[in-house]
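Chains as they are written, first to last, in UniProt numbering: chain A, 1 to 118; chain G, 1 to 118. Just so it is clear, CB atoms sit at the ideal spot from N, CA and C, and this is done for glycine as well. Here the structure is a predicted model, which is why all the values come from computation and not from measurement. Contents: one structure, followed by commentary.
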DNA sequence: ATGTTAGTTAACCGTGTAGCTAATTAACCG
DNA sequence: CGGTTAATTAGCTACACGGTTAACTAACAT
């Protein structure tokens, strides 16, 4: 067992299971940022941030490139897909028995402007 | 901060970050099950399963009731909502940045049944 | 060449997880 | 009552995580 897909899910969910990392991702959603920029709002030591970034990088949720002295971090949206797939699949499985969730999800899922369908 | 909401997310994502626990949840989606029933397919000791169930219970993803000698496990779908909310919200945030195509699609306002993809 | 800035690696601590076996509680059944 | 079944707690090992400080590498600036 423990397929590559499973391991990817492990890493992704584990990466999301920390408030600092989720905040980093949210911040990164507004644009690439350097390690120091990321560290500033979190009252964490730089090595602490560095570790979190390594976890995020290993999970594939972010990538880093070299730019002079800086190591800008970049969000990788696709890494989230497997996690969403798993949740959606399972949610649907058991929401067949409790149908109202679906409606709620669609409300959450719907932008002000219309439907957003992949 | 580390609000209660954040902690709930921590626990939920952490609970999902293990293949055994995901398999347990998937199995539970087909109906309530006792600890022994859950343990059987996993080649894990009973105490091992018990620990996983405790993690799942603490995260709110399952509840357990007492029924004679048995402790049937029951899936709690609502516990997943916060996690889905977070992912969907953030995914939208950064897909707005990187997916010009996405914006275009939204403007087009797809005339579907309103159901999910696939 | 020296220093400054950006970031990582090393070493360590405490805690939580993941697993085991062995012992224990709880409920049913003779 | 004693025995069996269901499941947890206790006690152990091992490892990974989140955090620290201190030391290091890498690139730029004088």
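Starting from residue 19 of chain A, find everything on chain G with Cβ-Cβ shorter than 9 Å and list it in chain order. The sequence position of residue 19 of chain A within the first chain is 19, counting from 1. Under the 9 Å cutoff, chain G gives 1, 2, 3, 6, 7, 9, 10.
Neighbourhood of residue 33 of chain G by C-beta, 8 Å cutoff - its chain only, sequence neighbours within 5 removed: On the second chain, residue 33 of chain G is found 33 positions in, with the first residue counted as 1. Cβ within range, chain order: 27, 72, 73.
Does the CB of residue 39 of chain G have a neighbour CB from chain A at under 8 Å? Against the second chain, residue 39 of chain G aligns to sequence position 39. Answer no: the Cβ-Cβ gap between residue 39 of chain G and chain A never drops below 8 Å.
Since residue 63 of chain G is in the beta strand (DSSP E), which residue starts that stretch and which ends it? The count along the second chain starts at 1 and reaches residue 63 of chain G at position 63. Looking at the DSSP string, the run of the beta strand (DSSP E) that includes residue 63 of chain G is 62 to 64.
Mind checking whether residue 90 of chain G and residue 25 of chain A have CB atoms under 8 Å apart? Residue mapping note: residue 90 of chain G aligns to position 90 of the second chain, counting from 1. Residue mapping note: residue 25 of chain A aligns to position 25 of the first chain, counting from 1. Contact flag set, yes.
Among A/51, A/70, A/12, nearest to residue 83 of chain G - alpha-carbon criterion: Numbered from 1 along the second chain, position 83 holds the residue referred to as residue 83 of chain G. Among A/51, A/70, A/12, the Cα nearest to that of residue 83 of chain G belongs to A/12.
Can you name the residues that DSSP bridges to residue 67 of chain A? Sequence index remark: in the first chain, residue 67 of chain A carries index 67 (1-based). Residue 67 of chain A is bridged to A/70.
With which residues is residue 75 of chain A paired in a DSSP beta bridge? Translated into positions along the first chain, residue 75 of chain A becomes position 75. Answer is A/62, bridged to residue 75 of chain A.
Candidates A/80, A/75, A/79: closest to residue 30 of chain A by CA position: Here residue 30 of chain A refers to the residue found at position 30 of the first chain. It is A/75 whose Cα lies nearest to the Cα of residue 30 of chain A.
For the putative contact between residue 61 of chain A and residue 79 of chain A, defined by C-beta atoms under 8 Å, what is the C-beta separation to the nearest angstrom? For the purposes of this step, residue 61 of chain A is taken as residue 61 along the first chain, with counting starting at 1. For the purposes of this step, residue 79 of chain A is taken as residue 79 along the first chain, with counting starting at 1. The pair is a contact, with the Cβ atoms about 5 Å apart (cut-off 8 Å).
With distances taken Cα to Cα, identify the nearest neighbour of residue 23 of chain G among G/5, G/52, G/7. Counted from its first residue, the second chain places residue 23 of chain G at position 23. Comparing Cα positions, the closest option is G/52.
How long is the line joining the alpha carbons of residue 4 of chain G and residue 58 of chain G, rounded to whole angstroms? As a first step, residue 4 of chain G must be located in the second chain, where it is residue number 4. As a first step, residue 58 of chain G must be located in the second chain, where it is residue number 58. In a straight line, the C-alpha of residue 4 of chain G is about 13 Å away from that of residue 58 of chain G.
First through last residue of the alpha helix (DSSP H) which encompasses residue 5 of chain G: Counting from one through the second chain, the residue named residue 5 of chain G turns up at place 5. Start and end: 4 to 16.
Whole angstroms are fine: how far does the CA of residue 68 of chain G sit from the CA of residue 21 of chain A? Along the first chain, read from residue 1 onward, the residue named residue 21 of chain A stands at position 21. Along the second chain, read from residue 1 onward, the residue named residue 68 of chain G stands at position 68. Going by the C-alpha atoms only, they are around 43 Å apart.
Quick one, which residues of the stretch 61 to 92 of chain G are near chain A if we go by CB-CB under 9 Å, in chain order? 75, 77, 78, 80, 81, 83, 84, 85, 86, 87, 88, 89, 90, 91, 92
Report the three-state DSSP secondary structure of residue 33 of chain A (helix, strand or coil). For the purposes of this step, residue 33 of chain A is taken as the residue at position 33 of the first chain. Three-state result, residue 33 of chain A: strand.
Under 7 Å from the C-beta of residue 25 of chain G: neighbouring residues of chain A: Position 25 of the second chain, counting from 1, holds the residue named residue 25 of chain G. Within 7 Å Cβ-Cβ: 90.
Just mark residue 88 of chain G as buried or exposed, buried being the case when its beta carbon has 16 or more other beta carbons within 10 Å. As a first step, residue 88 of chain G must be located in the second chain, where it is residue number 88. Buried, since its Cβ has 16 or more Cβ neighbours within 10 Å.
For residue 46 of chain A, return the contacting residues in chain G, with the cut-off set at a CB-CB distance below 7 Å. Indexing the first chain from 1 puts residue 46 of chain A at position 46. Those do not exist, as residue 46 of chain A stays about 21 Å from chain G at its closest Cβ, beyond 7 Å.
Contact check, residue 63 of chain A vs residue 19 of chain G under 8 Å by CB: the rounded distance? Looking up residue 63 of chain A in the first chain gives position 63. Looking up residue 19 of chain G in the second chain gives position 19. With a Cβ gap of about 25 Å, residue 63 of chain A and residue 19 of chain G do not count as contacting.
Less than 6 Å between C-beta atoms, sequence neighbours within five positions excluded: which residues of the same chain meet that for residue 41 of chain G? The residue labelled residue 41 of chain G in the question sits at position 41 within the second chain. Excluding sequence neighbours, residue 41 of chain G sits near nothing in its chain.
So is residue 9 of chain A buried or exposed if we call it buried at 16+ other beta carbons inside 10 Å? Locating residue 9 of chain A in the first chain gives position 9, counting from the first residue. Per the 10 Å Cβ criterion, buried.
Within 8 Å, strictly: CB atoms of residue 45 of chain G and residue 35 of chain G: For the purposes of this step, residue 45 of chain G is taken as residue 45 along the second chain, with counting starting at 1. For the purposes of this step, residue 35 of chain G is taken as residue 35 along the second chain, with counting starting at 1. Cβ atoms of residue 45 of chain G and residue 35 of chain G: not closer than 8 Å.
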